[in-house]
Amino acid sequence: MEKEGKPQGHAGIGHTRWATHGEPSDINSHPHSGKRVSIVHNGIIENYKQLKQFLIDNERDEFLSDTDTEIVAQLLDFYYDGNPIRCIRKVLHELRGSFALGIVFADHPETVYAVRCESPLIVGQGKGEVFLASDVPAIIKYTKDYYLLEYGEIAVLKNGSVNFCTLHGQMIEKELHTADFDEDSAEKGGYPHFMIKEINEQPTAVKTTITPRIENGMPNLSECGITPEALRSFKHIYIVACGTAMHAGMVGKYVIEKLARVHVTVDIASEFRYREPMLSEDDLVIIISQSGETADSKAVIGLAKELGAKTLAIVNVKGSSIARESDMVIYTHAGPEIAVASTKAYMVQLSVMYLLAFEMAYAKGKISEEECKRMTADLVAMPEKIEQTIKNSADICKYVSTKLIASESLLYIGRGLDYALSMEGSLKLKEISYIHSESYAAGELKHGTISLIHEGMPVIAVATQNSLLEKTVSNIKEVKARGAMTIVICDDQADIDRDAADYLIRVPKLSEMLMPMVATVPMQLLAYYTSVNKGNDVDKPRNLAKSVTVE
Ligand code: M6R
1432 MEKEGKPQGH AGIGHTRWAT HGEPSDINSH PHSGKRVSIV HNGIIENYKQ LKQFLIDNER
1492 DEFLSDTDTE IVAQLLDFYY DGNPIRCIRK VLHELRGSFA LGIVFADHPE TVYAVRCESP
1552 LIVGQGKGEV FLASDVPAII KYTKDYYLLE YGEIAVLKNG SVNFCTLHGQ MIEKELHTAD
1612 FDEDSAEKGG YPHFMIKEIN EQPTAVKTTI TPRIENGMPN LSECGITPEA LRSFKHIYIV
1672 ACGTAMHAGM VGKYVIEKLA RVHVTVDIAS EFRYREPMLS EDDLVIIISQ SGETADSKAV
1732 IGLAKELGAK TLAIVNVKGS SIARESDMVI YTHAGPEIAV ASTKAYMVQL SVMYLLAFEM
1792 AYAKGKISEE ECKRMTADLV AMPEKIEQTI KNSADICKYV STKLIASESL LYIGRGLDYA
1852 LSMEGSLKLK EISYIHSESY AAGELKHGTI SLIHEGMPVI AVATQNSLLE KTVSNIKEVK
1912 ARGAMTIVIC DDQADIDRDA ADYLIRVPKL SEMLMPMVAT VPMQLLAYYT SVNKGNDVDK
1972 PRNLAKSVTV E
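Spelled out as structure tokens, the structure:
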């Protein structure tokens, strides 16, 4: 029944999704339906081709879309015998992959069934209404109370309330959680985009993350299950993550190795999980993730446990899978990050890397109490420095971004921590501006990549490491001599020849080790303004999703 063009009723499903199969188009949009069943789906069905063949063999050969989702809808329809739970169980046994489903059966129009297999799923409980979503920010406007579905659990949403059962129909009681943020944090609050709002939230996010972990001027992570004895015992640390979180791990590697003198290997989760890593019981595997749901990062936990290594999650979303499955958790307190491009989550991940490095170095007797307190005090002063950097670099970044918009490709270069940082700068820019960029260790340029430099090609050089400054400046001059347009990010006291830099972006001078926390700000702003100037969808760049719950 339709009224004023809108379907009437009390239950409904819809989905905005990242397309795993088929182009993003109306025909490939959810919900997908069989004759008696409609579904929305987050995740991926790995064996959809075999299932499609099975349907075709059984004279179900009318498909409207290119999606794997439609195959699930058709399969549910094929097996439906009037008992929704039995039908869901039957189909689930046939599906391979990671997914969460929302399902409506035509003969139960007032009920939404939902089931989780890997991909995250929550049910929000409002007053007389219930909501199904992948994540809390989606429902926070309506309620802060939510249930978290576990693997293989079914939710039955009807008449404003929800019941849970196992795949075998056995009823289960679930704990009601309350989100620790409100609608304002999930709204733009007067900013034109979430990304710029989140950049501006960084000082507070760092403060909220580090303050509870500092006692008498010393880092103290015992509340997260991390003891000095444990920190002394690890022979090798692996930091495994994806994208921006992996870049935070790169900074962590430099800092932990420098201070605590422990070997640290940083790995991309999708590579690590398939390369038969040589883990042992003396190793610590740190998984960094904003969402706590990234499929590849999550898979690393099981692998590490199997091989006897301890796992530590550094995660932003409370109660997320990675947090729950790891031996120890350090929650970052960035609040919800909505923009796809990660900014404040990266910043708090960095601050945790520092806390961990300081505590580990002290526990291992590599730094004195006095040194540890001094470094910790420098970290405590960071929120103010970050705030100052945002304020002071906004205009120059806005201006310099106008010089980047016409470029097809550019380079980020740096040495040491600046190299780790330039990886993140490069990812941020390409992700939202759609301009190709690469980060390169400045000293490596002359081994091939310098041949790419041509007249006017932008090169963003990060030169905040005083001990490497002369060498980095030489590399900047090398590219400048070959026609590059150079944009140099350095501290406000660095002595940079005026003719080496076309544009200078200065940030507050801090101890060399902490420079990433301020130097990342202009890179975020450059990416942001370039994207804005190009008229792109800043918060939702094409082809990307906030949470990557598929491999
Ligand atoms: O939720 P996670 O931190 O595990 O996500 C990892 C990456 O997908 C994420 O950092 C991605 O690279 C960002 N969109 C980059 O801005």
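Offset between the sequence shown (1-based) and our numbering: plus 1431. In this text, a Cβ means the ideal position worked out from N, Cα and C, and glycines have one as well. If you're wondering where the values come from, they're calculated on a predicted model, not measured in any experiment.
Counting only runs that start and end inside the region 1741-1783, the alpha helix (DSSP H) elements of at least 4 residues fall at 1752-1756. In the same chain as Y1510, and ignoring 5 residues on each side of it, the C-beta atoms closer than 7 Å to its own belong to C1518, K1521 and V1522, in chain order.
Contact annotation: G1680 and A1691 have beta-carbon atoms that are not nearer than 7 Å. C-alpha of V1811 to C-alpha of V1471: approximately 45 Å in a straight line. Residue range M1813 to L1835 is occupied by the alpha helix (DSSP H) that includes C1828. G1621 has its Cβ no nearer than 6 Å to any heavy atom of the ligand M6R. In this structure, the straight-line span from the alpha carbon of D1928 to that of E1943 is close to 20 Å. Within the same chain, V1748 and S1978 come within 6 Å of S1722 by CB-CB distance, once the 5 residues on both sides are set aside.
Within 6 Å of the C-beta of V1771 there is at least one heavy atom belonging to the ligand M6R.
Cβ atoms of V1637 and I1668 stay farther apart than 8 Å, at about 23 Å.
Under the Cβ criterion (8 Å, minimum of three pairs), the region 1711-1718 does not count as touching the region 1875-1891.
When secondary structure is reduced to three states using DSSP, T1574 falls in the coil class, being assigned neither helix nor strand. Partner residues in the beta bridge of M1649, as assigned by DSSP, are E1646. Under the three-state reduction of DSSP output, E1688 falls in the helix class. DSSP places E1869 in the strand class (E or B) of the three-state scheme. At the C-beta level, I1719 and A1676 come within 7 Å of one another. Secondary structure at N1906: helix, using DSSP grouped into helix, strand and coil. Sequence-distant partners of K1589 (beyond 5 residues in either direction) whose C-beta falls short of 7 Å from its own C-beta, in its chain, are E1541 and T1542.
Here V1779 really is in contact with T1640; their C-beta atoms are around 4 Å apart, less than 8 Å. Secondary structure note for C1518: its alpha helix (DSSP H) is the uninterrupted segment P1515 to L1523. Per the coordinates, the alpha-carbon of I1753 lies some 16 Å from the alpha-carbon of A1776. In this structure, the C-beta of Q1721 approaches the ligand M6R to less than 6 Å from one of its heavy atoms. Proximity of the region 1571-1585 to the region 1484-1491 falls short of the contact definition, fewer than three beta-carbon pairs being nearer than 8 Å. In the assembly as shown, Y1843 is a buried residue. Its beta-carbon has 16 or more other beta-carbons within 10 Å. Less than 7 Å divides the Cβ of M1946 from the Cβ of T1895. Counting along the chain, A1617 sits inside no beta strand (DSSP E), nor does DSSP assign it H or E at all. In the DSSP assignment, F1595 falls within the beta strand (DSSP E) that extends over S1592 to C1596. If you check the CB distance, L1935 and S1824 do not come in under 7 Å. Residue burial annotation: I1657 is buried, with at least 16 other C-beta atoms found within 10 angstroms of its C-beta. Nearest neighbour of I1687 by Cα position, chosen from I1699, F1665 and V1567, turns out to be F1665.
For G1674, the shortest separation between its Cβ and any heavy atom of the ligand M6R lies below 6 Å. From the listed residues I1817, A1726 and A1976, the smallest Cα separation to V1949 is found for I1817.
In the three-state reduction of the DSSP assignment, T1609 falls in the strand class.
P1814 and T1820 have their C-alpha atoms some 10 Å from each other. With contacts defined by Cβ atoms closer than 7 Å, T1961 and I1836 form a contacting pair.
Bridge pairing for V1546: L1532 and I1585 [DSSP].
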